[in-house]
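In the UniProt record's numbering, the protein residues as written are 1 to 233.
One structure is given here, and the rest of the page talks about it.
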Ligand SMILES: NC(=O)C1=CN([C@@H]2O[C@H](COP(=O)(O)OP(=O)(O)OC[C@H]3O[C@@H](n4cnc5c(N)ncnc54)[C@H](OP(=O)(O)O)[C@@H]3O)[C@@H](O)[C@H]2O)C=CC1
Ligand SMILES: O=C(O)C1=N[C@H](C(=O)O)C[C@H](O)C1
């Protein structure tokens, strides 16, 4: 008997650091990777039609390709960051095409749970008053965007909870996979909450989980963190 993952076909868009890690996770889980490409617009439509695309490309490539991704694939999982200023255009393209989109600035389960904690702390400290929020994100020197997508998402959660925009600082050094610290500075004390990725594996595992979740899902736009937190509560 076939199970859901045995029928799943994946196309990897962006065969860089993350694309290669996704390929490894797919192999570990016995999920078929039918193509990997650094030029997703050139991919054969017939290959794309039955496949879920996992996109870890570049901010510029995703900005150029999102409409094509929405048109071509059965569903798309986007990990690429650096496009949130055009979120409404991207969402409209997927809605119009009737293609499912699952997106996340950070596909790790650790950051997903941390985000729920940041929302709660922000809401409570916002009500208490007297605290100044800040975010520090540290990444490898190859990263193209700053602040990180995760820092932007966390800043949005702090703003929603406290009504205050946090100060955000970005550090680029060495080969750091990703460290995000959210701090709340008061007159008498400080709360800090930090996530450190030890490698890219957790991001890739989350993206592959998202691809499996597209099966049987009503067409729509989904944020991975919201889907997971709902399931965990
Ligand atoms: N949401 C999450 O959990 C995570 C998100 N990210 C994000 O994912 C993205 C990729 O990160 P990373 O793998 O480290 O970056 P890399 O630079 O290692 O990989 C990006 C790849 O995309 C390729 N590419 C360029 N143009 C296209 C195109 N038109 N179609 C498809 N692929 C293309 C590049 O090819 P070439 O080199 O030939 O130009 C390169 O191989 C970044 O935006 C990063 O912030 C990263 C980790 C986790
Ligand atoms: O570029 C990266 O490497 C990462 N990018 C994502 C981001 O911009 O938040 C997620 C993770 O921190 C790694």
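Glycine included, each C-beta is placed from N, C-alpha and C at the ideal position.
Asked, Found
"For the alpha helix (DSSP H) holding residue 206, just list the boundary residues, first then last.", "201-213"
"Jot down the residue ranges of each uninterrupted alpha helix (DSSP H) in the UniProt domain \"Dihydrodipicolinate reductase C-terminal\" (110-227), minimum 4 residues, whole runs only, in chain order.", "149-162, 201-213"
"Excluding five sequence neighbours on each side, which residues of the same chain lie with their C-beta closer than 7 Å to the C-beta of residue 108?", "197, 202, 203, 206"
"Under the rule that 16 or more other beta-carbon atoms within 10 Å means buried, what is residue 53, buried or exposed?", "buried"
"Answer yes or no: the CB of residue 138 versus the heavy atoms of ligand 2, is any distance below 6 Å?", "no"
"To which residues of the same chain is residue 73 closer than 8 Å at the C-beta, ignoring the five residues directly before and after it?", "11, 48, 49, 51, 52, 53, 99"
"Which residues bound the alpha helix (DSSP H) around residue 89?", "87-97"
"Quick check on DSSP: helix, strand or coil for residue 108?", "coil"
"Please classify residue 303 as buried or exposed, where buried requires at least 16 other C-beta atoms within 10 Å of its C-beta.", "Because the chain is modelled from 1 through 233, residue 303 falls outside the range shown and cannot be assessed."
"Anyone know if the C-beta pair for residue 111 and residue 81 falls short of 7 Å?", "no"
"Roughly how many whole angstroms lie between the Cα atoms of residue 190 and residue 169?", "17 Å"
"Smallest Cα separation from residue 93: which of 66, 104, 79, 160?", "66"
"Roughly how many angstroms lie between the CA atoms of residue 220 and residue 85, to the nearest whole one?", "20 Å"
"Once DSSP output is grouped into helix, strand and coil, what is the label at residue 58?", "coil"
"Count the C-beta pairs between the region 124-137 and the region 180-189 that are closer than 8 Å, then say yes if the count reaches three, no if not.", "yes"
"Let me check you understand the geometry: is the CB of residue 181 closer than 6 Å to at least one non-hydrogen atom of ligand 2?", "no"
"Reducing DSSP to helix, strand and coil, say where residue 9 ends up.", "strand"
"Using a Cβ-based criterion (distance less than 6 Å to any ligand heavy atom), does residue 212 qualify as near ligand 1?", "no"
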